[in-house]
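Trainee: Quick note: the sequence shown uses the numbering used here, first residue 7, plus one each step.
We put the CB at the ideal spot given by N, CA and C, even for glycine.
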Amino acid sequence: MNITLDGKRTLVTGANSGIGESIAMALAESGAKVVINYVSHPEAANNIVEQIKQIGGDAMAIAADVSDPIEVAAMFERIDQAWGGIDILVNNAGIDGVSAMTWESDIDQWQKVVQINLFGAYHCAREALRRMVPNQSGVIVNMTSVHEEIAWSGYSAYTASKAALAMLTKTMAQEAAPHSIRVLSVGPGAIQTPINQSVWSDPDSMKDLLEKIPLNRIGQTEDVAKMVVVLVSHIASYVTGRTIFIDGGMTDYPNFSHGG
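(1) Among Glu35, Val40, Asp93 and Ser28, whose alpha-carbon lies nearest the alpha-carbon of Ser186?
(2) Do you know how far the Cα of Val152 is from the Cα of Ile250?
(3) With DSSP as the reference, label Lys218 as helix, strand or coil.
(4) Who are the near neighbours of Lys218 in its chain, counting only those whose CB is closer than 8 Å to its CB and skipping five residues on each side?
(5) I'd like the span of the alpha helix (DSSP H) that includes Ala131, first residue to last.
(6) Name the two residues that bound the continuous beta strand (DSSP E) containing Lys39.
(7) Return yes when at least one heavy atom of the ligand SAH lies under 7 Å from the C-beta of Asp253, else no.
(8) Do the region 23-41 and the region 55-70 touch if we need at least three Cβ pairs shorter than 8 Å?
(9) Of all the options Asn148, Trp206 and Asp210, which has the alpha carbon lying nearest to the alpha carbon of Thr246?
(10) Would Val72 and Ala99 qualify as a contact pair, given that the criterion is a beta-carbon distance under 8 Å?
(11) If we count the other Cβ atoms within 10 Å of its Cβ and call it buried at 16 or more, is Lys14 buried or exposed?
(12) Can you have a look at Ala183 and say buried or exposed, based on whether 16 or more other CB atoms are within 10 angstroms of its CB?
(13) Less than 8 Å between the beta carbons of Val96 and Ala163, yes or no?
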């Protein structure tokens, strides 16, 4: 079964590295036009644009801090000018923040995580829906995490923001469904990226991690990207308002495989 997204106008936030980069490339390989959003390392974003153009695709890089509604609005205006609107939004931009127990956490650092992970997705979805609703068409995919369900000591802002984003997804899906718009979440588990290199490059840390994953392997960014392509395509046209976990079974709590 072939998936074609020919001509679909797509924005992927935080797309100049890691999971976002893989999603952008996978969408482009399926025929979509892709905006590579970034806040730093413009050379990386421009390199992805060139890679997409080399395979015959259409792409552009736009700098915008998703936690700033003014910058987000300006980004969408640029997309309007270039492509006349948007068909697919992937809210991928996010950070996990500084590890600290809640009672020791810095308020500004805590708020920064929520501003990017939750408010950033809201700002982008709000602008996207303002364009999708009149067209009675569109798909939004929010990047949550297994930590919308699994607690993670030291990262209360991250877990709170991801759990809140999951409920925001459900609510927006309910609101947008009468307009033929789908809103979903994708919840990655342990995915091998440069950000978590300290874990997968250390044998002891890797051994501990694999004990939490029933499929006994760390995920690759392509595992997430391929699922996103499926979810935004016609193949998933009857799927909305839910989180699809891409976690190798991590949310199945493998520690209980031998009983409680």
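Mentor: On the basis of the data shown:
(1) Along the sequence shown, one-based indexing puts residue 186 at 180. Minimum Cα distance to Ser186 is reached at Asp93.
(2) Position 244 of the sequence shown holds residue 250. Position 146 of the sequence shown holds residue 152. Distance between the alpha carbons of Ile250 and Val152 is about 10 Å.
(3) Here the question's residue 218 lines up with position 212 in the sequence shown. Coil.
(4) Locating residue 218 in the sequence shown gives position 212, where the first residue counts as 1. Result list for Lys218: Ala196, Met256, Pro260 and Asn261, in chain order.
(5) Against the sequence shown, residue 131 aligns to sequence position 125. Its alpha helix (DSSP H) spans residues Gly126 to Asn141.
(6) Looking up residue 39 in the sequence shown gives position 33. Per DSSP, the continuous beta strand (DSSP E) segment holding Lys39 begins and ends at Lys39 to Tyr44.
(7) Ligands displayed in this structure: none; no statement on the ligand SAH is therefore possible.
(8) Because the criterion of three Cβ pairs below 8 Å is met, the region 23-41 and the region 55-70 touch.
(9) Indexing the sequence shown from 1 puts residue 246 at position 240. Residue Asn148 is the option with its Cα nearest to Thr246.
(10) Within the sequence shown, residue 72 is the residue found at index 66, counting from 1. Within the sequence shown, residue 99 is the residue found at index 93, counting from 1. In this structure, Ala99 lies closer than 8 Å to Val72 by Cβ.
(11) Within the sequence shown, residue 14 is the residue found at index 8, counting from 1. It counts as buried.
(12) Here residue 183 refers to the residue found at position 177 when the sequence shown is read from its first residue. When all chains shown are included, Ala183 counts as exposed.
(13) In the sequence shown, the residue the question calls residue 96 occupies position 90. In the sequence shown, the residue the question calls residue 163 occupies position 157. Contact flag unset, no.
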